[in-house]
Structures are given as structure tokens and as C-alpha cells.
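Each residue of the sequence shown is one higher than the last, beginning at 296 in this note's numbering.
Report on the structure given below.
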Amino acid sequence: MAGVTTPTWGYSGGILGPTLRAKRGETVALRVRNSLGEVTSVHWHGMHLPAIFDGGPHQPITPGGTWTPTWTVKQPAATLWCHPHAHGTTQRHAFRGLAGVFIVDDDDPVHHELPHDYGVDGGVRRLC
């Protein structure tokens, strides 16, 4: 509808994203700062990682707080996503734009068909 604006949220901006990429065996180290006026979290949906870095409802990030998950990627190539998982607000936070893609690469030739050229086939910048 013309003239109607919708406030959005996002990781590192007001739109969906970012799209992150790491290779099997690489270490991921992130710094997530909550600039919202309410509690949120970041859950790495489908990622094989230690529970302490899962980002579920048991790991809220308070307004103004920072969370620094770090893990080594120990899974085959996959296309995953991240989203908030704070108790009672997951749907609303994701609908506002807090969601992103996480692509895991590996050296198995079967997985070479995953996107890899940014802007051409959906590939993205490397995280590490």
C-alpha cells in the first residue's frame, strides 16, 4: 500500500540478514549486541554446536547486552538459518526481520553445488 511504512529489525541493519558462510573445521566467533528495547536471542537453527552457544530461550540477550558465541564448525555442508528464540517472542522477532542464512561449506565434491558466487547463484561473503 503506497505511503505505508513498516518498521523492521535486522542483524546489522533494518533488513533480513546477514548471510554468513564458514567452512567445516573453521572457528566461528561472533559478537551479538542487543540494540532492541527488549530481550532477544540468536538461535543457530540446524547448526551442530555446543549447547552453551545454541541461543535458545535459556540464553536471553538483555537490552544493551552482548553475547559472544564461539564454536568450531563440525558438520558437513549445509544451508542453515539463524533466528531469535527468546521465550514468547520468536515469531514476532522473526516477522520483524531478525533472521539470516548460514551456509556451511566442506571439501566433499558432492556439496560443491551449494551457492558460492555472491550475486550469481546466491553465494555470500565468507565469515572467517
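From the three backbone atoms N, C-alpha and C, an ideal C-beta is built for every residue, glycine too.
Because the structure is a prediction, the values reported are computed rather than measured.
Tell whether a beta-carbon distance below 8 Å holds between residue i and residue j.
i: Pro379; j: Trp366; result: no
i: Val396; j: Thr314; result: yes
i: Trp304; j: Leu375; result: no
i: Arg319; j: Asp401; result: yes
For residue i, does the count of other Cβ atoms within 10 angstroms reach 16, so buried, or fall short, so exposed?
i: Val368; result: buried
i: Val415; result: exposed
i: Thr384; result: buried
i: Val299; result: exposed
i: Met296; result: exposed
i: Arg316; result: buried
i: Ala324; result: exposed
i: Asp403; result: exposed
Closest by CA to residue i, which one among the options?
i: Pro364; options: Pro371, Asp349, Ala389; result: Asp349
i: Arg328; options: Thr301, Tyr306, Met296, Gly320; result: Tyr306
i: Ala389; options: Asp403, Glu321, His340; result: His340
i: Ile310; options: Ala324, Pro302, Arg316; result: Pro302
i: Ala373; options: Met342, Glu321, Ile347, Ala381; result: Met342
i: His382; options: Gly312, Glu321, His353; result: His353
i: Trp362; options: Gly351, Pro371, Gln370; result: Gly351
i: Glu321; options: Pro371, Gln386, Arg387; result: Pro371
Tell me, which residues are paired with residue i by DSSP?
i: Ile327; result: In the sequence as presented, Ile is not what sits at residue 327; that position holds Val. Beta-bridge pairing links Val327 to Trp362.
i: Trp301; result: In the sequence as displayed, the identity of residue 301 is Thr instead of Trp. Paired residues: none, contrary to the question.
Original post:
Between the stretch 324 to 338 and the stretch 348 to 364, do three or more beta carbon pairs fall short of 8 Å?
Top reply: Of all C-beta pairs linking the stretch 324 to 338 to the stretch 348 to 364, three or more are shorter than 8 Å, placing the two stretches in contact.
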